[in-house]
Amino acid sequence: MPIRLAWSCLVFPALVLNYAGQAGYVLSGAPIDSNISHIFYHLCPAPLLLPLVLLATVATVIASQAVIAGAFSMTRQAIQLGLLPRLQIIQTSAAGHGQIYLPAVNWLLMLVTLGLAIGFGSSSGLAAAYGIAVSTTMLATTVLLFVAMREIWKWPLPVVIAIAIGFAAVDAGFLSANTLKIAQGGWVPLLLGALICFVMLVWRTHNAGVQK
6 MPIRLAWSCL
16 VFPALVLNYA
26 GQAGYVLSGA
36 PIDSNISHIF
46 YHLCPAPLLL
56 PLVLLATVAT
66 VIASQAVIAG
76 AFSMTRQAIQ
86 LGLLPRLQII
96 QTSAAGHGQI
106 YLPAVNWLLM
116 LVTLGLAIGF
126 GSSSGLAAAY
136 GIAVSTTMLA
146 TTVLLFVAMR
156 EIWKWPLPVV
166 IAIAIGFAAV
176 DAGFLSANTL
186 KIAQGGWVPL
196 LLGALICFVM
206 LVWRTHNAGV
216 QK
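Counting from 1 along the sequence shown, just add 5 to a position and that's the residue number in this note's numbering.
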């Protein structure tokens, strides 16, 4: 409940204002200082720029912890589904079943993060990869939502199709716009995703052959 309340009353309105402000700034034709590559910081008054950077840094640290926890959880689920080889899973809390730590995944995340940071060299260089990753994830989430609405919640097919088409239209628009940036670094998340899918396919095929 607290997460839903915070999202509805704080996070979602802040995101709408942020994106609407950035769009309005660009459409107004206001000049953009070449020293600041992100339009987000142009919306901030100069005296508040440093506090905003510090706040963004703290938010990034919090978000990174969520990404790490999500990677641990999804890896464990993939192992349980027979899509990945068995890895060491350490239960870090006796009270919470989801409190886990996977050393191999943690080290892999560190290596990939360092590789991306060194390879791209700047946050602006990561923008193309970020756009492709987010828009592709949004479209994949819509497909999974379609399956959940139909197979789990048993909603009527016309309602499911109408909702899925609405979300897919927006997601496809974002994805098609970001495909222009594939050559500028957007190929990185696509390559990483393809490698993970390849590992899963090979492992699943191997298990099927062993069971026969």
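For every residue, glycine included, the Cβ atom is placed at its ideal position computed from N, Cα and C.
What are the start and end residues of the alpha helix (DSSP H) that includes residue i?
i	result
SER140	128 to 152
VAL16	Premise fails: VAL16 is in no alpha helix (DSSP H) and is neither H nor E.
TRP158	Where TRP158 is concerned, there is no enclosing alpha helix (DSSP H), given that its DSSP letter is neither H nor E.
LEU88	Unbroken run through LEU88: none, as it is neither H nor E.
PHE45	Segment: none, PHE45 is in no alpha helix (DSSP H) and carries neither H nor E.
MET6	Note, MET6: premise wrong, no alpha helix (DSSP H); not H, not E.
GLN216	192 to 216
ILE123	108 to 125
Under 8 Å by Cβ, that's how I've got residue i and residue j pegged, so tell me the actual separation to the nearest angstrom.
i	j	result
GLY191	ALA133	5 Å
TYR24	HIS47	At roughly 14 Å, the Cβ-Cβ gap does not stay under 8 Å, so TYR24 and HIS47 are not in contact.
ALA153	VAL110	In fact, because the Cβ distance is near 25 Å, the residues do not count as touching under 8 Å.
ILE105	GLN96	6 Å
THR147	ASP176	5 Å
ILE73	LEU20	ILE73 to LEU20, Cβ: 22 Å. No contact.
GLY103	SER78	6 Å
In chain order, what residues of the same chain have a beta carbon less than 8 Å from the beta carbon of residue i, not counting five sequence neighbours either side?
i	result
LEU197	VAL117
LEU195	ILE137, THR141, ILE187
ASN212	GLY87
Report yes if the CB atom of residue i is closer than 7 Å to the CB atom of residue j, and no otherwise.
i	j	result
LEU88	MET205	yes
LEU144	LEU180	yes
VAL165	ARG155	yes
Sorted by chain position, which residues of the same chain lie with C-beta nearer than 6 Å to residue i's C-beta, five sequence neighbours on each side aside?
i	result
ALA99	none
Leaving out the 5 sequence neighbours to the left and right, which residues in its chain are closer than 7 Å to residue i when beta-carbon positions are compared?
i	result
PHE151	VAL165, ALA169
- request: Would you check if there are 3 or more beta carbon pairs closer than 8 Å linking the stretch 79 to 92 to the stretch 104 to 118?
  value: Segments in contact, yes.
message: Quick test of the definition: if touching needs 3 or more C-beta pairs under 8 Å, does the stretch 68 to 84 touch the stretch 48 to 60?
response: No: the two stretches stay apart, fewer than three of their Cβ pairs being nearer than 8 Å.
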